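S.K.: Residue numbers (this note's numbering), protein chains in the order written: chain A, 122 to 587; chain B, 122 to 587.
Ideal Cβ positions, reconstructed from N, Cα and C, are used throughout, including at glycine.
Note that the structure is a prediction, hence the values are computed from the model and not measured.
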């Protein structure tokens with residue numbers, strides 16, 4: 122259940138009346154998730170008041186749930202001493218994200234206050250580039266050695282619990298810090314207390330390298346149904362873990378990105394993203410400054426504008442044909458729309474299949490062949506129906522039946538061409554090192570219109586003999 | 122790391138040579154995730170052989186990871202006695218999904234073998250309609266009472282662990298089975314052993330009702346950063362839990378659905394989906410029979426065909442204008458493409474914002490107002506540029522400058538109209554009880570083309586005075 126309405130009213134009243142002690146009491150009864158939900162609805166000043174009315178432990182739990190921008194909104198108003206005391210106890214991945222929000226001088230001030238080991242840990246985590254597993258991992262995991270017993274391991278986890286992101290797995294390391302096995306808390310609890318970890322642990326485990334893509338790691342974690350996945354350096358030493366909540370976030374952001382990019386709402390290159398982590402943000406598209414969405418959308422629309430004029434050039438080229446057979450213009454929309462929608466279907470299937478790992482780029486021609494066969498069958502069906510409609514458009518027998526033939530053949534060709542482009546263009550962009558999705562669609566549109574309308578007018582000219 | 126290649130070769134050789142004992146030994150060393158990965162690559166017959174070479178416990182763990190269709194592929198070849206022994210020990214939500222795969226008579230046979238309580242549990246879980254929280258929850262969670270101590274609770278969890286989906290939370294119930302609190306295993310482990318659960322538990326917790334939408338539950342679980350969320354009936358009694366892995370699945374499927382539906386790859390109504398759980402399947406779109414994607418894609422393309430002819434009717438209507446000013450045809454593509462791409466951007470932002478909860482349908486007109494303002498600004502910019510290009514198209518001063526004005530105004534109007542339609546049409550479909558996404562796009566296309574081209578030709582006629 123979301124936060125109860127009457128409770129919310131009580132909280133609001135306590136806030137307005139400035140009754141801090143009542144506020145403290147009410148908040149102490151709430152789950153961190155409900156506090157976070159409540160905080161989101163408040164103005165900055167009240168966000169800060171509510172946050173500061175929480176107990177230390179609750180503050181940390183609420184910070185786990187809030188996004189960096191809200192955390193920054195609350196904490197940036199506070200003195201450095203207050204911030205670093207919190208930062209010290211935050212999950213290691215979250216505090217790196219938070220620190221990145223601060224301007225450089227304030228960040229340096231906070232860093233100066235931290236212990237040497239903490240500072241090194243933060244620098245290490247910050248050093249991974251955006252999009253890699255290292256950039257989403259955390260370093261507060263529990264390690265144990267193989268020669269202790271289940272009981273000893275359990276006791277160790279119990280003591281370390283307050284400062285670890287998860288204690289539901291313990292990672293077993295050798296003297297070189299190489300990962301040699303994993304044990305779950307579930308296994309530890311149910312095992313014979315005197316059993317050695319070496320006998321209990323799973324020596325075959327799923328793991329990833331820190332420099333591998335975060336998306337790949339997120340999908341592996343999801344497929345393997347784990348709560349966390351260990352991250353290794355290239356010497357097989359454990360350097361972090363990725364937890365399911367961060368993986369869920371990556372999968373969702375990646376899907377949103379793909380959708381937005383396909384619709385041309387993504388003005389930035391991969392390199393930009395690495396520098397400033399500016400993922401397209403659904404919330405910012407719908408709230409706040411209208412210049413953010415305009416900036417993101419315009420580049421795509423300029424390409425559309427240029428493409429539209431380019432296709433117009435085809436019509437211009439066939440102006441004499443059009444003059445002779447004016448009704449030919451009537452079927453421009455059906456040819457354009459059909460190619461456009463078929464192309465969108467294909468490029469969506471490609472983008473989704475790629476993201477979910479159903480497209481194997483090493484046998485791309487197999488995928489394209491299948492897609493074009495589908496296009497050919499759909500093209501034949503649509504060309505037949507569209508051709509008959511166009512045939513009868515001008516009324517028989519006094520009309521120009523050749524137009525029907527040109528529309529039919531035009532549709533039958535433009536549909537498989539669009540399926541081909543819908544797979545081939547994103548694939549080529551991918552091979553060229555671009556993110557596959559952005560910007561492919563307006564090029565697909567332009568090329569299939571160019572081909573489709575060009576063929577159509579050529580057929581009209583030839584069949585009618587202009 | 123994914124499964125090692127040399128190990129895979131050894132496994133394949135053992136399979137081919139029929140060396141079952143070697144196979145058993147090799148498999149015993151593998152993690153369930155790696156076994157599942159290996160099984161996926163095999164033919165049905167070998168899938169079965171590998172599966173049957175696993176120990177009982179490993180079989181269950183591998184089943185947790187595999188999808189229902191693979192589970193069915195393996196188990197459908199086996200006698201009922203073998204299946205029900207496994208089904209009995211499977212997680213409660215997974216076994217319901219598996220049983221649904223079997224033909225009715227075989228399902229009945231298996232059900233007959235199960236104990237009364239298991240049978241009732243399966244019937245209860247099967248009774249929730251597709252898309253509700255009840256349909257994705259599981260019933261194998263751990264409950265405790267408030268008066269026991271942390272130590273006693275821990276001991277109880279230890280004993281129940283083998284048959285529970287998760288022991289990382291224990292749910293505290295009163296005599297009427299109403300949920301009164303939750304305790305995490307982490308809390309239990311770190312707490313003073315003699316502390317009473319009533320003092321340790323969190324009495325304010327996040328929960329959902331079984332009849333609420335599964336998507337909403339999945340998002341709540343994600344927002345609150347939990348491993349599992351308790352599901353209540355309308356009398357506040359606990360009836361199940363939803364775990365993070367099932368929530369992740371729901372979020373991903375929902376996003377895929379939205380993307381595919383927007384591209385018109387979804388022929389089925391919500392009611393169909395409830396009956397047969399036929400979510401659009403990315404893997405089936407890319408592999409297997411080509412008639413599956415053709416069936417899903419054609420309905421959308423028929424609408425496109427009809428829409429294209431309808432828009433053609435507008436051109437037909439203005440045939441005399443076109444005859445007088447033939448160059449007017451040249452700018453049909455730019456007007457159509459621009460409206461189309463802007464409309465796609467808007468409907469994508471709407472669909473994604475709705476899914477992520479950034480659109481509040483109670484204040485839809487605020488959202489639409491903002492979107493249309495964005496459209497107006499973009500329309501002015503694009504109209505200005507497009508108008509100038511069109512103005513110079515025919516060469517000055519001997520051309521027809523009025524065309525430039527008509528193209529400019531046409532673009533300036535069609536862009537905000539497309540933004541309006543991109544938000545309004547999906548919203549209307551939603552209000553009419555349709556899933557918001559499917560089928561909105563071709564209607565947007567048709568209406569904006571109708572408006573845009575109609576206005577454009579009217580302007581050409583008026584300005585030039587045909």
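Would a C-beta distance cut-off of 8 Å place residue 443 (chain B) and residue 450 (chain B) closer than the cut-off?
M.R.: As a first step, residue 443 (chain B) must be located in the second chain, where it is residue number 322. As a first step, residue 450 (chain B) must be located in the second chain, where it is residue number 329. Contact flag set, yes.
S.K.: Go ahead and pull the three-state DSSP assignment for residue 536 (chain B).
M.R.: Reading the second chain from its first residue, position 415 is the one you call residue 536 (chain B). Helix, per DSSP.
S.K.: So for residue 304 (chain A), helix, strand or coil by DSSP?
M.R.: Stepping through the first chain from its first residue, residue 304 (chain A) is reached at position 183. DSSP places residue 304 (chain A) in strand when its eight states are reduced to three.
S.K.: Starting from residue 193 (chain A) and walking both ways along the alpha helix (DSSP H), at which residues does that stretch end?
M.R.: For the purposes of this step, residue 193 (chain A) is taken as the residue at position 72 of the first chain. Note, residue 193 (chain A): alpha helix (DSSP H), 189-196.
S.K.: With a threshold of 8 Å between beta carbons, is residue 578 (chain A) in contact with chain B?
M.R.: Residue 578 (chain A) sits at position 457 when you count from the first residue of the first chain. Chain B contact via Cβ: absent.
S.K.: Taking the straight line between their C-alpha atoms, what separation do you get for residue 357 (chain B) and residue 297 (chain B)?
M.R.: Start at 1 with the first residue of the second chain, and residue 357 (chain B) comes out as number 236. Start at 1 with the first residue of the second chain, and residue 297 (chain B) comes out as number 176. Spanning the two alpha carbons is a distance of roughly 9 Å.
S.K.: Under 8 Å by Cβ, that's how I've got residue 186 (chain A) and residue 153 (chain A) pegged, so tell me the actual separation to the nearest angstrom.
M.R.: What you label residue 186 (chain A) is simply residue 65 of the first chain in a count that begins at 1. What you label residue 153 (chain A) is simply residue 32 of the first chain in a count that begins at 1. The Cβ separation is near 6 Å, so the contact holds.
S.K.: Helix, strand or coil for residue 141 (chain A) per DSSP?
M.R.: Within the first chain, the letter at position 20 stands for residue 141 (chain A). Note: residue 141 (chain A) maps to helix in three-state DSSP.
S.K.: Measure the alpha-carbon distance for residue 282 (chain A) versus residue 176 (chain A) and round it to whole angstroms.
M.R.: Counting from one through the first chain, the residue named residue 282 (chain A) turns up at place 161. Counting from one through the first chain, the residue named residue 176 (chain A) turns up at place 55. The straight-line gap from Cα to Cα measures roughly 19 Å.
S.K.: Assuming residue 310 (chain A) contacts residue 279 (chain B) under a Cβ cut-off of 8 Å, what Cβ separation, rounded to an integer in Å, is found between them?
M.R.: Numbered from 1 along the first chain, position 189 holds the residue referred to as residue 310 (chain A). Numbered from 1 along the second chain, position 158 holds the residue referred to as residue 279 (chain B). About 5 Å separates the two Cβ atoms, so the contact holds.
S.K.: Could you spell out where the alpha helix (DSSP H) holding residue 438 (chain B) opens and where it closes?
M.R.: For the purposes of this step, residue 438 (chain B) is taken as residue 317 along the second chain, with counting starting at 1. Taken as a continuous stretch (DSSP letters only), the alpha helix (DSSP H) holding residue 438 (chain B) covers 412-438.
S.K.: In this structure, what does DSSP give as the bridge partners for residue 317 (chain A)?
M.R.: Taking the first residue of the first chain as 1, we reach residue 317 (chain A) at position 196. For residue 317 (chain A), which the question treats as bridged, DSSP gives the partners A:270.
S.K.: Verify whether the separation of the beta carbon atoms of residue 159 (chain B) and residue 124 (chain B) is less than 8 Å.
M.R.: Here residue 159 (chain B) refers to the residue found at position 38 when the second chain is read from its first residue. Here residue 124 (chain B) refers to the residue found at position 3 when the second chain is read from its first residue. Contact: yes.
S.K.: Residue 135 (chain B) to residue 145 (chain B), Cα distance in whole Å?
M.R.: Against the second chain, residue 135 (chain B) aligns to sequence position 14. Against the second chain, residue 145 (chain B) aligns to sequence position 24. One C-alpha to the other measures close to 9 Å.
S.K.: Is the beta carbon of residue 471 (chain B) sitting closer than 8 Å to the one on residue 547 (chain B)?
M.R.: As a working mapping, residue 471 (chain B) is identified with position 350 in the second chain. As a working mapping, residue 547 (chain B) is identified with position 426 in the second chain. Cβ atoms of residue 471 (chain B) and residue 547 (chain B): closer than 8 Å.
S.K.: On the DSSP letters alone, give me the boundaries of the alpha helix (DSSP H) that residue 506 (chain B) sits inside.
M.R.: One-based indexing of the second chain puts residue 506 (chain B) at position 385. Segment 485-514, the alpha helix (DSSP H) holding residue 506 (chain B).
S.K.: Does DSSP put residue 403 (chain A) in a helix, a strand or coil?
M.R.: Start at 1 with the first residue of the first chain, and residue 403 (chain A) comes out as number 282. Helix.
S.K.: May I ask whether a heavy atom of the ligand FAD can be found less than 7 Å away from the beta carbon of residue 509 (chain A)?
M.R.: Absence of the ligand FAD is noted for the structure shown, with no ligands found whatsoever.
S.K.: Please classify residue 513 (chain B) as buried or exposed, where buried requires at least 16 other C-beta atoms within 10 Å of its C-beta.
M.R.: Working through the second chain from its first residue, we reach residue 513 (chain B) at position 392. Residue 513 (chain B) should be labelled exposed.
S.K.: Compare the C-beta of residue 399 (chain B) with all C-beta atoms of chain A and state if any pair is closer than 8 Å.
M.R.: On the second chain, position 278 is the one that residue 399 (chain B) refers to. Low local confidence applies: a pLDDT of 46 at residue 399 (chain B) is under 50, so the model's placement there is unreliable, with the coordinate-based value given in what follows. By this cut-off, residue 399 (chain B) is not an interface position.
S.K.: Report the partner residues of residue 351 (chain A) according to the DSSP bridge assignment.
M.R.: Along the first chain, one-based indexing puts residue 351 (chain A) at 230. Paired residues: A:362.
S.K.: Under DSSP, the beta strand (DSSP E) around residue 107 (chain A) begins and ends at which residues?
M.R.: Past the edges of chain A, shown from 122 to 587, lies residue 107 (chain A), and the structure says nothing about it.
S.K.: Pairs of beta-carbons, one from the stretch 166-182 of chain A and one from the stretch 219-233 of chain A, closer than 8 Å: are there three or more?
M.R.: Flag = no, the stretch 166-182 of chain A and the stretch 219-233 of chain A do not touch.
S.K.: Starting from residue 475 (chain A) and walking both ways along the alpha helix (DSSP H), at which residues does that stretch end?
M.R.: In the first chain, residue 475 (chain A) corresponds to position 354, counting from 1. Residue 475 (chain A) -> alpha helix (DSSP H) spans 453-476.
S.K.: Which stretch, first to last residue, makes up the alpha helix (DSSP H) that contains residue 155 (chain A)?
M.R.: As a working mapping, residue 155 (chain A) is identified with position 34 in the first chain. Where residue 155 (chain A) is concerned, the enclosing alpha helix (DSSP H) stretches over 153-161.
S.K.: Is residue 205 (chain B) closer than 8 Å to residue 361 (chain B) when the C-beta atoms are compared?
M.R.: Here the question's residue 361 (chain B) lines up with position 240 in the second chain. Here the question's residue 205 (chain B) lines up with position 84 in the second chain. Not in contact: residue 361 (chain B) and residue 205 (chain B) (Cβ atoms no closer than 8 Å).
S.K.: What residue range does the alpha helix (DSSP H) around residue 165 (chain A) cover?
M.R.: Counted from its first residue, the first chain places residue 165 (chain A) at position 44. Counting along the chain, the alpha helix (DSSP H) containing residue 165 (chain A) begins and ends at 165-173.
S.K.: On the criterion of 16 or more Cβ atoms from any shown chain inside 10 Å, does residue 454 (chain A) qualify as buried, or is it exposed?
M.R.: Along the first chain, read from residue 1 onward, the residue named residue 454 (chain A) stands at position 333. Under this definition residue 454 (chain A) is a buried residue.
S.K.: Tell me whether residue 505 (chain B) is buried or exposed, calling it buried when 16 or more other Cβ atoms sit within 10 Å of its Cβ.
M.R.: Against the second chain, residue 505 (chain B) aligns to sequence position 384. It is exposed - the Cβ of residue 505 (chain B) has fewer than 16 other Cβ atoms within 10 Å.
S.K.: Can you list, in chain order, the residues of its chain whose CB lies under 8 Å from that of residue 137 (chain B), leaving out five sequence neighbours each side?
M.R.: Residue mapping note: residue 137 (chain B) aligns to position 16 of the second chain, counting from 1. Cβ neighbours of residue 137 (chain B) beyond the five flanking positions: none.
S.K.: With 7 Å as the C-beta to C-beta threshold (strictly closer), list the residues of the stretch 464-493 of chain B near chain A in chain order.
M.R.: If the cut-off is 7 Å between Cβ atoms, the stretch 464-493 of chain B has 465, 466, 469, 470, 473, 474, 477, 479, 480, 488 and 491 near chain A.
S.K.: Kindly indicate the opening and closing residues of the alpha helix (DSSP H) around residue 258 (chain B).
M.R.: As a first step, residue 258 (chain B) must be located in the second chain, where it is residue number 137. That residue, residue 258 (chain B), is in no alpha helix (DSSP H); it is neither H nor E in DSSP.
S.K.: Excluding sequence positions up to five away, which residues of its chain have a Cβ less than 8 Å from the Cβ of residue 303 (chain A)?
M.R.: Residue mapping note: residue 303 (chain A) aligns to position 182 of the first chain, counting from 1. The residues are 290, 291, 292, 293, 322, 323, 326 and 351.
S.K.: Among A:367, A:488 and A:238, which one has its Cα closest to the Cα of residue 215 (chain A)?
M.R.: For the purposes of this step, residue 215 (chain A) is taken as the residue at position 94 of the first chain. Of A:367, A:488 and A:238, the residue nearest in Cα terms is A:367.
S.K.: Classify residue 390 (chain A) as buried or exposed, calling it buried when 16 or more other Cβ atoms lie within 10 Å of its own Cβ.
M.R.: In the first chain, counting from the first residue as 1, residue 390 (chain A) sits at position 269. Low local confidence applies: a pLDDT of 48 at residue 390 (chain A) is under 50, so the model's placement there is unreliable, with the coordinate-based value given in what follows. Exposed is the call here.
S.K.: State yes or no: is the beta carbon of residue 313 (chain A) nearer than 8 Å to at least one beta carbon in chain B?
M.R.: As a first step, residue 313 (chain A) is located in the first chain; it is residue number 192 there, counting from the start. With 8 Å as the cut-off, residue 313 (chain A) does not count as an interface residue toward chain B.
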